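So the protein sequences, as listed, match chains A and B.
Each residue of the first sequence is one higher than the one before, counting from 1 in the numbering used here.
Each residue of the second sequence is one higher than the one before, counting from 1001 in the numbering used here.
No residue lacks a Cβ here, since even glycine has one placed at the ideal position from N, Cα and C.
Keep in mind that this is a model prediction, so the values were computed, not measured.
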Amino acid sequence: MDIIGLANYAVFMAILIGIYALLALGLNIQWGFSGLFNAGIAGFFAIGAYTSAILTSLPAAHRLGGFELPLLLGWAGAMVVAAAIAWPIGKICLRFRSDYLAIATIGVAEIIRLVIRTEGWLTGGVRGITGVPRPFGDLPYMQSQLAYLALVVVLVLAAYLLVERQLKAPWGRMMRAIRDNENAAAAMGKRVAERRLQAFVFGSALMGLAGALFVHFNRSITPEAIDPMIATFLIWIMLILGGSGNNRGAILGAAVIWIIWSVSEILTDRLPTEIAIQAKYVRVFIIGLTLQLVLRFRPEGILPERQHGTSPPRS
Amino acid sequence: MNKKTIATLVGSLLGAAVLAAPAHAQNVKIGLLGGISGPIAAMAPSMLDAARLAIAQVNEQGGILKGGKLEAVVGDSACNPQNATDAATKAVNIDRVIATVGPHCSGAVLAAANSVTVPAGVLMVTPSGTSPEITKLNDKDLVFRTVSSDDYQGRALARTLKARGINKVAVAYLNNDYGKGLAESFKAEFEAGGGTIAGYSGHEDGKASYRSDLAQLARGGADTLVIFDYGDGTGLTILRQALENNFFKTFIGADGMKSEAIIRSLGEKNLTTFFSSAPVGEASASLDAFRKAFSASGGNPDAIFTTTSYDAAFLVALAIEKAGGDKAKLSEALRSVASAPGEPILPGEWAKAKKLIAEGKDIDYKGAAGDHEFDKAGDVPGQYAFFKVSGSTYEAIADMK
């Protein structure tokens, strides 16, 4: 057995798990702690990816770009722009009840996708953006993958620690209070609308960062990457399975789902070649089945939300 | 973080357990990466079957190198970068392929080449990634394609229309990399030649009615509508509605519109002013050889991109044979077996090619989709003809220059 090949594959999986973990952490702030049903994750992921690509890529004739800014500015820009776009969206949409919010955010993500596809002067349109620099991209294959993994791990760790700290602070308690009983929180003088908007913007900024990490890893981005299946619903499954309301659960869910998604293809490849093509759909089925089983037998997820202090369990 | 590491290790071990079966030393693996699930799910199976036909022929006629078998590893690139990089990473690292045929979609090609196959030094030949961006890849001469860039066809079509005396057209294109790429290169060439674009607009896929789009396009006063779309999808709807409402007199399509679904739905008598461009193999003997073999194996040779898929797989096999299985020499070998001069090799002539390579003679593969003389960027110039409707199928009426 080829150890180096396996190691390369494991490193690649870990990088994608890290990127999905950031998305899941962002969603956890919005759904897990604030009860905001954001079904437009792909939109904020795309904004982050395109912002960082435009800020850092080489000049190109047919689209905006060529600023060739340093990478860190690109990533910071991705978070800032994702947050800046999330703000007016949140301002308008967060007044809806959760089910309406879900519909509104699906619409918003679709609008973002269509703008990216059609506004060629800005985003390169359907051809996308190529020539995005990758940090340590000049190293040999394995070293370059390992260096990128190190970057991703540092960022996920930093995001995890910061989000965890924020949620243990009074802000986190307040958010849970608003989520569990909005009227009671309002009666105690908490400004519900403002706090929700904060959570929405924070979560979206993290999603933007994940998009930036993704675009530099692939050195390119095309609108095909903003598919809702792979950039919205997969993340919801990760969070629900891992345990919404628990940051470690979000990261674990990202790892479990991505490993099932990726490794199950190796398993189905062992089936006879006559049914190889049909077998590719088995993994979609396995993901769906996993979600059903988790919802049936462990609806709180693998790592449920920890109960803080002496507050009674949620109903 | 610990959990992530553990989970990753568990994943690797699982993979190791599954893959513990010993590999045959002399066998060679290539990856067939295709958009099996996702937006081109209807097209991918035929394309993969065509590539598999090439592999089956290699194995029937003496195998590869010293009696080894050529093995295909099928991966689902799902037409998006996330799955394409995942499938390519598995093919390159777990299955140790030395070349890949595919991915199919341009965005998937760009991502997989940039982050997996080029850094790992693996040859990639795509049969259907048509985006001009692929030409610009910094690819260490490892990315090739057997389908021409959209740029070629759009420009050739513009020159052909000018030559036929059409100077004013409206353009309707499907807003994806295929439609838009064609429309942009067509517009640039048509206007450079002194033609007038009287209407130019993109449309989204799958709407019920395009009458308002068509009315807007017709307002420019052109008699001719150029449609860059797929004839078994939205393109059919547009053509039908344009005919019903008499918006235009003449209709021109590119290869995506050359679909028999159009003739079946609209009828030959309504299509006397419908023309389309499509790639043709120059040596039609090659195309016949492929059509015969693919039909015999149960495939439909008219399905889109089957010829390019077959050629990509056959060329990769020839290159492996020529390079003696050495990964580092593959791209050089690919250029050598695909380019003139040399003894011509037609589709399916593996035994002959193998013998010539063993004797040290130069060969030149004449593919089903064209001669495949790769340029510096690994692109092929297109060979296109202009078709009209004749009976229940299409008939070529002129070569396009």
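For residue 158 of chain A, DSSP assigns no beta-bridge partner whatsoever.
The beta carbon of residue 1069 of chain B sits closer than 6 Å to the beta carbons of 1027, 1059 and 1063 from its chain, once the five residues preceding and following it are set aside; these are given in chain order. Counting only the Cα atoms, residue 1127 of chain B lies some 7 Å from residue 1305 of chain B. Under the Cβ criterion of 8 Å, residue 284 of chain A is counted among the residues facing chain B. If the five residues before and after residue 1071 of chain B are omitted, its C-beta is found closer than 6 Å to the C-beta atoms of 1027 and 1029, all from its own chain and listed in chain order. Using a Cβ-Cβ cut-off of 9 Å, residue 1126 of chain B is close to nothing in chain A; its nearest Cβ partner there is about 14 Å away. As computed with DSSP, residue 1276 of chain B is found in a beta bridge with B:1253 and B:1387.
Three or more Cβ pairs closer than 8 Å define a contact, and the region 1133-1147 of chain B meets that threshold against the region 123-134 of chain A. For residue 1189 of chain B, the enclosing alpha helix (DSSP H) begins and ends at 1177-1192. Note that the region 1234-1245 of chain B touches the region 1262-1269 of chain B; at least 3 beta-carbon pairs, one per stretch, sit closer than 8 Å.
Judged by DSSP in its simplified three-state form, residue 1168 of chain B adopts strand. For the pair residue 17 of chain A and residue 1195 of chain B, the Cα-to-Cα distance works out to about 52 Å.
Contact check for residue 1091 of chain B against residue 1048 of chain B fails: the beta carbons are separated by 8 Å or more.
Within the region 207-239 of chain A, the residues whose Cβ lies closer than 7 Å to any Cβ of chain B are, in chain order, 217, 218, 219, 220, 222, 224, 225, 227 and 230. With its beta carbon at least 8 Å from every one in chain A, residue 1262 of chain B lies outside the interface. Nearest C-alpha to residue 1147 of chain B among B:1389, B:1392, B:1394 and B:1371: B:1371. By the C-beta density criterion, residue 273 of chain A is exposed, having fewer than 16 other C-beta atoms within 10 angstroms. Here the alpha carbons of residue 53 of chain A and residue 1114 of chain B stand approximately 14 Å from one another. The DSSP-derived three-state label of residue 1053 of chain B is helix. Taking each of B:1075, B:1206 and B:1123 in turn and checking the Cα distance to residue 1335 of chain B, the smallest one comes out for B:1123.
For residue 281 of chain A, the residues of chain B that pass the 7 Å Cβ criterion are 1037, in the order they occur in the chain. Look at residue 2 of chain A: its C-beta is under 8 Å from a C-beta on chain B. For residue 1085 of chain B, the residues of chain A that pass the 9 Å Cβ criterion are 12, 16, 217 and 218, in the order they occur in the chain.
For residue 247 of chain A, no chain B residue has a C-beta closer than 7 Å to its own C-beta; the minimum C-beta separation is roughly 11 Å.
The continuous stretches of beta strand (DSSP E) do not include residue 1337 of chain B, which lies in the alpha helix (DSSP H) extending over residues 1330-1338. Leaving aside the five residues that flank residue 1286 of chain B on each side, the residues in its chain whose CB is nearer than 7 Å to its CB run, in chain order, 1346, 1347, 1366, 1367 and 1368.
At a Cβ-Cβ threshold of 8 Å, residue 1293 of chain B and residue 1053 of chain B count as neighbours. For the 8 Å CB-CB criterion, residue 1046 of chain B and residue 280 of chain A do not form a contact. Between residue 1343 of chain B and residue 1349 of chain B, the alpha-carbon positions lie close to 12 Å from each other. Within 9 Å of the CB of residue 1055 of chain B, no CB atom of chain A is found; the nearest one sits about 10 Å away. Take residue 120 of chain A, set aside five residues on each side of it, and the residues of its chain with a beta-carbon closer than 7 Å to its own are 62 and 63, in chain order. Take the alpha-carbon of residue 147 of chain A and the one of residue 1119 of chain B: they are about 14 Å apart.
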